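Notes to accompany the following structure.
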């Protein structure tokens, strides 16, 4: 299937009057000779100065040249320059370039609707071959921006046989292959008919399949032998090169600090068992490699700093843990002589640390920031926060708020609800429905007679962020629907999912948008092994089993992930990357509840929601004046 076919699927026709409205008529100036233009051809500042003094059509042509130079490094300025270009003064060729640059600029500015309009206005058949390749790349980028990764991959795959295909195309293709849901990648791999795509699909499958590092490297080496002359091997992704060239950390002795007794014993035991499951799984696959010695230290009632000192004295070359935030904080406050890599199983400091200290945790606060980012990407700008009235709820609300402000939004005053309180009262207060009642009652008293009215919610919001447990969510969402917020998207964090499919009870969570770890959304041999061995891994402790498994699998890759941009590890707790401050970031899978079950939430669905209310008679509700 041709790239033009996929592009036609992607692009929607918009009237050219929309595009023309984006241009304005410049004032004429003095004429610039061709010799002057040639001298400043590669200097955007000089081109802009020359344009300011030029007459049409030279004026618009110079602005176009300047925008072309700036489009990659400064898309905002480039788009501003394009807005003052007089399109009617351009040649046919420059007119096409003008539209193409506008599309590129708005893609970089994350404005897909406007970008789509400009791209659709380009006359593809009149583009020279170089700009046709650029058009195809932009079409793929637009599809990727909207979460349509399969379309993006199909567009780019048409150019893989072309020897003049730019490096950027391969880089973009690799990125989309890593973003594609696992099931879709497997489907592409099994149904592929494009020989040039086969090595890319196989490499992505190897890279994304969680496995022991030594095994993964062996599989990549075998892949290179099979595809030695392929463009994929000649244009290896940076993450693959980093995997091959950064030495893996191979400690002979690992100390694991966990609460194995006391109130947190079950949590610590889950992490331990998940880690051991990954340990034995890797050992069964790599029998020719000596596995490190493991020593477990119970942190319950112990001085964490003393345990760190003891572990190092007993030969530990890597420390994993502690699990509890307070214990980790105490250890950090008291310990100044950790000389070996240390992977803390919590997020203790947002400022992060320098090597050799790393943080990997399941922080609700981090997930709240993830929800803020997704809501912002989806185009919402006026949220309210509704969090349970507790220290945890306050922390989650503050994290969402902080991230929202960082993104450019305004500070939000959060609303709270009692964990066992009146959910109707809390939601009606947050939605200002009570104010509607009060205004009607005041008017009734003023007129001295009963006033017929329809209660309304506030109209100054476009989304809701809620934080709580599954049982709280099952009461909050119906209350929000009842008080007229049924058409507002609701975002939350993974705490609102029990971890077990319950389509009856979770029907009350329908349409809530939630980030979940791969443990809950994808198949995994290791997960299946853990679930068959430990029944508790199918309970609320499930994320901790996943955390233990990922702690084992990530430690050899810590330096590689920290040093290489774009390097990822596909774990059970998320797609893992490491920030410059040594924090392990988890990219989660966005889902929404549909018929009481988590279902994949695409970016396209986020931008074009189709709300369906199953059990709510709004007309009857309004007539009764509820």
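In my numbering, the protein residues as written are 5 to 630. Every residue, glycine too, gets a C-beta built ideally from N, C-alpha and C. This one's a predicted model, so the numbers in the text were calculated from it and none came from an experiment.
In the DSSP assignment, what residue or residues form a beta bridge with residue i?
i           : result
residue 549 : In DSSP, residue 549 forms no bridge with anything.
residue 589 : 581
residue 601 : 598
residue 204 : Its beta-bridge partners do not exist; DSSP assigns none.
residue 344 : DSSP, once it has assigned bridges, lists no residue as partnering residue 344.
residue 420 : 391
residue 467 : 387
residue 322 : 258
residue 362 : 347
residue 574 : 579
Classify residue i as buried or exposed, calling it buried when 16 or more other Cβ atoms lie within 10 Å of its own Cβ.
i           : result
residue 191 : exposed
residue 259 : buried
residue 176 : buried
residue 137 : buried
residue 588 : buried
residue 595 : buried
residue 521 : buried
residue 508 : exposed
residue 242 : exposed
residue 225 : exposed
residue 463 : exposed
residue 582 : buried
residue 316 : buried
residue 423 : exposed
Smallest Cα separation from residue i: which of the options?
i           : options               : result
residue 388 : 294, 404, 377 and 394 : 404
residue 548 : 305, 162, 298 and 270 : 270
residue 308 : 496, 262 and 362      : 262
residue 245 : 568, 589 and 573      : 568
residue 179 : 145, 193 and 170      : 145
residue 537 : 198, 333, 285 and 586 : 285
residue 196 : 154, 584, 279 and 503 : 154
residue 421 : 335, 469 and 72       : 469
residue 65  : 507, 574 and 98       : 98
residue 545 : 577, 571 and 558      : 577
residue 606 : 347, 56, 152 and 543  : 152
residue 434 : 52, 383, 489 and 506  : 489
residue 297 : 306, 330 and 287      : 287
residue 355 : 586, 394 and 116      : 586
residue 346 : 173, 513, 560 and 372 : 560
residue 602 : 584, 513, 367 and 329 : 513
residue 170 : 140, 212, 90 and 148  : 140
residue 236 : 202, 325, 377 and 249 : 202
residue 635 : 484, 575 and 353      : For the chain, the structure presents residues 5 to 630; residue 635 sits outside this window and is missing.
residue 240 : 254, 257, 251 and 207 : 207
Which of the three DSSP states is assigned to residue i in this structure?
i           : result
residue 146 : helix
residue 38  : Only weak support exists for where residue 38 lies, its pLDDT of 49 falling under 50; the coordinates are left without a value.
residue 519 : strand
residue 610 : helix
residue 485 : helix
residue 75  : coil
residue 400 : helix
residue 297 : strand
residue 495 : strand
residue 506 : coil
residue 302 : strand
residue 455 : Confidence in residue 455 is poor, its pLDDT being 46 and thus under 50, which makes the residue's placement unreliable; the coordinate value appears in the next sentence. Coil, per DSSP.
residue 525 : helix
residue 474 : helix
residue 538 : coil
residue 431 : helix
residue 511 : helix
residue 633 : For residue 633 there is no data in the structure shown, the boundaries of the chain being 5 and 630.
residue 569 : coil
residue 560 : helix
residue 327 : coil
residue 287 : helix
residue 264 : coil
residue 426 : coil
residue 501 : coil
residue 447 : Interpretation of residue 447 is limited by its pLDDT of 45, a score under 50 that renders its predicted location unreliable; the figure taken from the coordinates is listed afterwards. Residue 447 falls in the helix class under three-state DSSP.
residue 354 : coil
Of all the alpha helix (DSSP H) runs that stay within the bounds of the region 227 to 261, which reach a length of 4 or more residues?
235 to 238 and 242 to 249
What are the start and end residues of each continuous beta strand (DSSP E) run of 3 or more residues lying completely inside the region 83 to 151, in chain order?
none
Start-end ranges of the alpha helix (DSSP H) lying completely within the region 148 to 185, minimum 4 residues
The region 148 to 185 contains, as complete alpha helix (DSSP H) runs of 4+ residues, the segments 153 to 161 and 171 to 183 (chain order).
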